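One line per chain: the protein sequences are A and B, in this order. With the numbering used here applied, the first sequence closes on residue 184, and no number is skipped along the way. With the numbering used here applied, the second sequence closes on residue 184, and no number is skipped along the way. Ideal Cβ positions, reconstructed from N, Cα and C, are used throughout, including at glycine. Bear in mind the structure is a predicted one, so any value in this text is a computation, not a measurement.
There are 2 protein chains.
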Amino acid sequence: MRVLGVDPGLTRCGVGVVEGLAGRPLTMLGVGVVRTPADAELGHRLVAIERGIEEWLDAHRPEFVAVERVFSQHNVRTVMGTAQASAVAMLCASRRGIPVALHTPSEVKAAVTGSGRADKAQVGAMVTRLLRLDAPPKPADAADALALAICHIWRAPALNRLQQAHAQHSVRKVTR
Amino acid sequence: MRVLGVDPGLTRCGVGVVEGLAGRPLTMLGVGVVRTPADAELGHRLVAIERGIEEWLDAHRPEFVAVERVFSQHNVRTVMGTAQASAVAMLCASRRGIPVALHTPSEVKAAVTGSGRADKAQVGAMVTRLLRLDAPPKPADAADALALAICHIWRAPALNRLQQAHAQHSVRKVTR
Numbered sequence: 009m010r011v012l013g014v015d016p017g018l019t020r021c022g023v024g025v026v027e028g029l030a031g032r033p034l035t036m037l038g039v040g041v042v043r044t045p046a047d048a049e050l051g052h053r054l055v056a057i058e059r060g061i062e063e064w065l066d067a068h069r070p071e072f073v074a075v076e077r078v079f080s081q082h083n084v085r086t087v088m089g090t091a092q093a094s095a096v097a098m099l100c101a102s103r104r105g106i107p108v109a110l111h112t113p114s115e116v117k118a119a120v121t122g123s124g125r126a127d128k129a130q131v132g133a134m135v136t137r138l139l140r141l142d143a144p145p146k147p148a149d150a151a152d153a154l155a156l157a158i159c160h161i162w163r164a165p166a167l168n169r170l171q172q173a174h175a176q177h178s179v180r181k182v183t184r
Numbered sequence: 009m010r011v012l013g014v015d016p017g018l019t020r021c022g023v024g025v026v027e028g029l030a031g032r033p034l035t036m037l038g039v040g041v042v043r044t045p046a047d048a049e050l051g052h053r054l055v056a057i058e059r060g061i062e063e064w065l066d067a068h069r070p071e072f073v074a075v076e077r078v079f080s081q082h083n084v085r086t087v088m089g090t091a092q093a094s095a096v097a098m099l100c101a102s103r104r105g106i107p108v109a110l111h112t113p114s115e116v117k118a119a120v121t122g123s124g125r126a127d128k129a130q131v132g133a134m135v136t137r138l139l140r141l142d143a144p145p146k147p148a149d150a151a152d153a154l155a156l157a158i159c160h161i162w163r164a165p166a167l168n169r170l171q172q173a174h175a176q177h178s179v180r181k182v183t184r
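Right under this line is the structure:
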């Protein structure tokens, strides 16, 4: 299972590709950041993010794209930009027919550290250990993108079972 | 001056094309709504909006795209969807090199009704009058998209003067 994790943002959009299966060792295939200049026009920044994401999709051909689910509880201005960058990432994946999964920050933290309230350093440390890296990926957005991909690989079996249960339930209702 | 106005939304994205110049009669070239099913996956909805916007750009070849500037003061869930739909509209325009302008809801209302606090009915009535239509365009999102386009046509001369003043000021600073 090959997953591209995307930690969306206009200034720094973290991207990381992880391959593996739940219960097996994981492999990092790539990590980086798509950056856009803060003083550029919004439309041009979105075009630059699209180009960056497309390059990562071309280079790694992931089977899934995991994007951080955006909430509006933080700084309003930042959240708008995050929502817009995440829209571009989802658009690029869906246009190619790649399934998109959204995971909340606390789901990601809980998946990789055991605690939904872990800090950046703890997430970075666990990503480094789980992927057997020499040092935590920098900046934090890159580490977060890898954590998203790991989270998806580990949560996917449970999510699939849930979807199958829902599907069977629906079939039962229809055929009853 | 031909402007495509976009009132962004995931369920209903209003689109309207107006041609004209400040101080001259305006002409509506088209109006409509790009809809996506509320039960579809977010990524697929964004792809459908992209396809819809592309069709409008192909059909009308606007010189400017005016998009409503999204704020976060309202319902959080709606605002996220609005931000994501607006990102797709801006992306489509910027990818073609079409300049994108953002106008706030109160700027749009003030432009077409004289009051930044006008209600939907008042905006619809003025759009109908200014474009010499037989009835207000339905739904409100379609009328709002036309109002955005009209707002841009009327504000553009002032915005351009501002930009030129800024540019001259910068040149003066550099050559001083």
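Assigned secondary structure, residue i (DSSP; H/G/I helix, E/B strand, else coil)
| i | result |
| --- | --- |
| V75 (chain A) | strand |
| M9 (chain A) | coil |
| T183 (chain A) | For T183 (chain A), the predicted structure reports a pLDDT of 46, less than 50, and the residue's modelled location is therefore unreliable. The matter cannot be settled from this model. |
| G22 (chain B) | strand |
| D47 (chain B) | coil |
| L138 (chain A) | helix |
| T90 (chain B) | helix |
| T35 (chain A) | strand |
| L29 (chain B) | coil |
| D211 (chain A) | Nothing can be reported for residue 211 (chain A), as the shown portion of chain A is limited to 9 through 184. |
| G122 (chain A) | coil |
| A173 (chain A) | helix |
| D66 (chain B) | helix |
| G132 (chain B) | helix |
| A143 (chain A) | coil |
| G17 (chain A) | coil |
| G40 (chain A) | strand |
| R163 (chain B) | helix |
From the options, residue whose alpha carbon lies closest to that of residue i
| i | options | result |
| --- | --- | --- |
| V11 (chain A) | A:A148, A:R137, A:P33 and A:L156 | A:L156 |
| V116 (chain A) | A:R104, A:S102, A:G132 and A:G105 | A:G132 |
| V55 (chain A) | A:W64, A:T44 and A:L65 | A:T44 |
| H111 (chain A) | A:T136, A:C100 and A:L154 | A:L154 |
| V26 (chain A) | A:S114, A:R77, A:L65 and A:G124 | A:L65 |
| A101 (chain B) | B:I57, B:A150, B:C159 and B:M88 | B:I57 |
| V120 (chain B) | B:C21, B:G22, B:R20 and B:G31 | B:G31 |
| A148 (chain A) | A:A173, A:V41 and A:G28 | A:V41 |
| E63 (chain A) | A:V23, A:M134 and A:P113 | A:V23 |
| R125 (chain A) | A:F79, A:S114 and A:W162 | A:S114 |
| M9 (chain B) | B:A173, B:H160, B:A166 and B:A48 | B:H160 |
| A150 (chain B) | B:T136, B:T86 and B:L50 | B:T136 |
| R59 (chain B) | A:R20, A:L99, A:L50 and A:A118 | A:L99 |
| R163 (chain A) | A:R20, A:A118, A:K128 and A:A173 | A:A118 |
| L50 (chain B) | B:G122, B:T90, B:A129 and B:D152 | B:T90 |
| L29 (chain B) | B:A173, B:L167, B:R169 and B:I158 | B:I158 |
| R4 (chain B) | A:R169, A:A173 and A:M88 | The requested residue 4 (chain B) is not part of the displayed model; chain B covers only 9 to 184. |
| R53 (chain A) | A:L167, A:D127 and A:R20 | A:R20 |
| A46 (chain B) | B:R169, B:K146, B:P165 and B:T86 | B:T86 |
Residues in the segment 29-59 of chain A with C-beta within 8 Å of chain B's C-beta atoms, listed in sequence order? Within the segment 29-59 of chain A, those residues whose Cβ lies closer than 8 Å to any Cβ of chain B are, in chain order, E49, L50, G51, H52, L54, V55 and E58.
Under 8 Å, with one C-beta from each stretch per pair, do the segment 85-104 of chain B and the segment 13-23 of chain B reach the 3-pair mark? As far as the Cβ criterion goes, the segment 85-104 of chain B touches the segment 13-23 of chain B, which means the pair count is three or higher.
I'd like to know if the segment 58-77 of chain A and the segment 105-115 of chain A are in contact, where contact means that at least 3 CB-CB pairs between them fall below 8 Å. They touch, by the three-pair rule.
Check whether the segment 28-36 of chain A and the segment 121-141 of chain A are in contact - that is, three or more C-beta pairs closer than 8 Å. Short answer: they touch.
Below 7 Å between beta carbons is the criterion; list the residues of the segment 97-117 of chain A that meet it against any residue of chain B, in chain order. Residues of the segment 97-117 of chain A that bring their beta carbon within less than 7 Å of a beta carbon in chain B comprise M98, L99, A101, S102, R103 and V108, in sequence order.
Going along the segment 84-95 of chain A in order, which residues come within less than 8 Å of chain B, judged by CB to CB distance? Residues V84, V87, M88, A91, Q92, A93, S94 and A95.
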